[in-house]
Each structure stands twice: as C-alpha cells, then as structure tokens.
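The numbering of the sequence shown is our numbering, which starts it at 60 and goes up by one. So the structure is just underneath, and the comments pick up after that.
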Amino acid sequence: LAPLFHHELFHVYHFGTHAPFGPGPSRIYQALWGEGLAVWVSRELNPGASLSDILMSAEMVAAADAIMPRLAAELRAELDSEDADVYRDFFRGSGQRDDLPKRAGYYVGLRVAEILARGRTARQLAELADPQLRREIEVALRELEGAEG
C-alpha cells in the first residue's frame, strides 16, 4: 500500500503548496500532470515496487505501451479540454471507450513526468507552473507520439 499512500500524500503536498492550477485540475493537461507526477513520485519513493504495483494494473501498462503514440496524440489534442467525458475515459476506471485502457492517463502522465524530470529534482517538478508547464507537457507528448509502442 505504500505506493498508493505516497501517491495520495503527494497530491496533498502538490495541490496544497505548489499547485500550478488552483485547488484541483480542471483541464486535461492539469490532470495529466497532477496524476503523472504523483505516479512518478510514488515510483521514486518505492524503487522496489514494480510499475504494475505503482499503477495497480499490469494489463493497463501493457495495453497503453502498445498504443502510446495514439494515446499521446489524443491527449495532446485534448490538453485544454474541460470535458468530463474525456477526463473519465483517460483517468477513471469507469471509462466508456473500448479503445482506451482504463486509467491510461496515469501512465501517459508518468511518461510525461519522466521526460520533464530530465535534469530536475522532484521539488523543481512540483514547482513547474504555467505557461511553461503547459508548453513542456505538449512537447513531451509530441516526443511520446514518436515513441515506439
């Protein structure tokens, strides 16, 4: 349970002290960053845990890896969306789309956080803010679009 607790406690820290966007995410890029960074921190704090333990699903990781360029492209196109259905389909276990792994936004967010973490500390990542944050997320998604699945 440590990875889950670290994930949720990081949200308290991030949204309480360094939130780049008010009391909680409303746009897709904000959810992608908030969840992806929390997964990244949880993985950093639990180096012995597997990725499937951190994300609570080996199947989701494998399915998302297989279509990563498409996921990244779709999320990039929806970055500024506030559509609750888009959020649900990428971040909730109750997603309605059969072509998306449930909660895939967490994993894509982790991959974005890995890219943005290059040369940065966890604190520097937590302090990233707009407009720089939004631009860097878009660049990272473009990199993932070119990645092999």
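Note that CB positions come from ideal geometry on N, CA and C, so glycine has one too.
A Cβ-Cβ distance of about 19 Å is found for the pair F69 and S116, leaving them out of contact under the 8 Å criterion. CA-CA distance, L200 to R177, rounds to 15 Å. At the C-beta level, L114 and I196 stay beyond 9 Å of one another.
Bounds of the alpha helix (DSSP H) holding P62 are 61 to 76. Cβ contact annotation for A122 (same chain, cutoff 7 Å, sequence separation greater than five): P160, in chain order. With a cutoff of 9 Å on beta-carbon distance, I174 and L130 are scored as not near each other. Between the alpha carbons of R193 and V71 lies a gap of roughly 21 Å. DSSP places P128 within a helical segment (H, G or I) once states are collapsed to three. Sequence-distant partners of S153 (beyond 5 residues in either direction) whose C-beta falls short of 7 Å from its own C-beta, in its chain, are R147. Only residues of its own chain outside the window of five on either side were considered, and among them F69, H73, G168, A172, L184, A185 have a CB closer than 8 Å to the CB of L96, listed in chain order. In the structure shown, Q191 falls within a helical segment according to DSSP collapsed to helix, strand and coil.
DSSP places R162 outside both helix and strand once states are collapsed to three, so it counts as coil. Where Q155 is concerned, there is no enclosing alpha helix (DSSP H), because DSSP gives it neither an H nor an E. Rounded to whole angstroms, the separation of the alpha carbons of Q155 and A163 is 13 Å.
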